[in-house]
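*Asks:*
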Ligand SMILES: [Zn+2]
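Residue numbers (the working numbering): 1091 to 1372.
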């Protein structure tokens, strides 16, 4: 089901992980951001678009995680853009002889048989320095920034005042810094949040990669909440976060995700943390 969130902008949500696919209505068709997870869901979206007479003229992957780089033949063969770093990451991965097994290993068991991998990660790099997506539709500013994953980019659909945040600013997931990949994952995350905060006067709607879209006030609240989370992980204060303290039914496992992050940070930094408070204990 396509849900309008602003003029010319629609969201299609996956059941598992509440992945949001964003559809932006252009002059000759649509831009599809993070197309979805299961073959059935993507086929459903393709059918909805066909019924509206809207071909897919471009795709965009906000970052090179499995749930953001999928595609379905029913979408056709439009270019699937990403930042140069994200496209290179996927190119390297697909160049490994065991890429398919490695991807399957990382899939949630609930959807393992439903995720189509034939066109997994076939991304086209946008040249370094790209500021706007090269398409015929509402201007879309690309905001490449460090934080969650290498090559992560948010998109601001300028005239429609919509921020597409990728795996940032979620109401169900706590921030997930790139602990395995970045030298300074928490510092990078704060830089990323600053980039998103910089769009606050230009957006009336925020669509996270997972969870509920929000309004301009929600955008500001989510930036503040995610900053507080990262600051707490850095040892700067106690952590009170509804996503951990009082998660939505079915999302209790985010507590374990949080505890896992605390543990990984402890391992990489050699410091000692308490997972219940996020405070350094030494
Ligand atoms: Zn994701």
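Each residue gets a CB set at the ideal place from its N, CA and C atoms; glycine is no exception.
Keep in mind it's a predicted model, so treat the numbers as computed, not measured.
Under a three-way DSSP split, which group does residue 1210 fall into?
*Replies:* In the chain shown, the residue the question calls residue 1210 occupies position 120. It is coil, neither helix nor strand.
*Asks:* By DSSP's criteria, residue 1305 is part of a beta bridge. Which residues make up the other side?
*Replies:* To locate residue 1305, count along the chain shown from 1; it is residue 215. DSSP output for residue 1305 lists 1295 as bridge partner(s).
*Asks:* Where does residue 1153 land, buried or exposed, given buried means 16+ other C-beta within 10 angstroms?
*Replies:* Translated into the one-based positions of the chain shown, residue 1153 becomes position 63. It counts as buried.
*Asks:* Alpha carbons only, please: which of 1265, 1229 and 1182 is nearest the one belonging to residue 1210?
*Replies:* Here the question's residue 1210 lines up with position 120 in the chain shown. Of the candidates 1265, 1229 and 1182, the one whose C-alpha sits nearest the C-alpha of residue 1210 is 1182.
*Asks:* Can you give the Cα-Cα distance for residue 1207 and residue 1103, rounded to whole angstroms?
*Replies:* To locate residue 1207, count along the chain shown from 1; it is residue 117. To locate residue 1103, count along the chain shown from 1; it is residue 13. Using only the alpha carbons, I get a separation of about 19 Å.
*Asks:* Could you tell me whether the region 1216-1224 touches the region 1251-1264, where touching means 3 or more Cβ pairs closer than 8 Å?
*Replies:* no
*Asks:* If residue 1095 sits next to residue 1352, beta carbons under 8 Å apart, how far is it from one beta carbon to the other, in whole angstroms?
*Replies:* Here the question's residue 1095 lines up with position 5 in the chain shown. Here the question's residue 1352 lines up with position 262 in the chain shown. 34 Å between Cβ atoms; not a contact.
*Asks:* On the criterion of 16 or more Cβ atoms from any shown chain inside 10 Å, does residue 1161 qualify as buried, or is it exposed?
*Replies:* Here residue 1161 is taken as the residue at index 71 of the chain shown, counted from 1. Answer is buried; the Cβ neighbour count reaches 16.
*Asks:* Identify every residue that forms a DSSP beta bridge with residue 1254.
*Replies:* Against the chain shown, residue 1254 aligns to sequence position 164. Paired residues: 1245 and 1297.
*Asks:* Counting only the same chain and skipping the five closest in sequence on each side, list residues whose C-beta sits under 8 Å from that of residue 1313.
*Replies:* Position 223 of the chain shown, counting from 1, holds the residue named residue 1313. So the list reads 1259, 1283, 1286, 1287 and 1290, once near-sequence residues are dropped.
*Asks:* For residue 1143 and residue 1190, what's the separation of their Cα atoms in angstroms?
*Replies:* Position 53 of the chain shown, counted from the start, is the residue given in the question as residue 1143. Position 100 of the chain shown, counted from the start, is the residue given in the question as residue 1190. Roughly 34 Å between the two C-alpha positions.
*Asks:* Which residue wins for smallest C-alpha separation from residue 1163, given the options 1132, 1202 and 1201?
*Replies:* Taking the first residue of the chain shown as 1, we reach residue 1163 at position 73. When only C-alpha atoms are compared, the closest one is 1132.
*Asks:* Determine, using beta-carbon pairs with one atom in the region 1328-1340 and one in the region 1303-1310, whether at least three such pairs fall under 8 Å.
*Replies:* no
*Asks:* Nearest to residue 1118 by alpha carbon, out of 1106, 1147 and 1098?
*Replies:* Position 28 of the chain shown, counting from 1, holds the residue named residue 1118. Nearest C-alpha to residue 1118: 1147.
*Asks:* Among 1202, 1107 and 1151, which has the Cα closest to the Cα of residue 1216?
*Replies:* On the chain shown, residue 1216 is found 126 positions in, with the first residue counted as 1. Closest by alpha carbon: 1151.
*Asks:* Does the region 1245-1255 come close enough to the region 1263-1281 that 3 or more CB-CB pairs lie under 8 Å?
*Replies:* No: the two stretches stay apart, fewer than three of their Cβ pairs being nearer than 8 Å.
*Asks:* Consult DSSP for residue 1144 and reduce its assignment to one of helix, strand or coil.
*Replies:* Taking the first residue of the chain shown as 1, we reach residue 1144 at position 54. Coil.
*Asks:* Using the beta-carbon of each residue, find all residues closer than 7 Å to any heavy atom of ligand 1 and list them in chain order.
*Replies:* Per the Cβ criterion, the list is 1107, 1109, 1155, 1157, 1158, 1257, 1299 and 1300.
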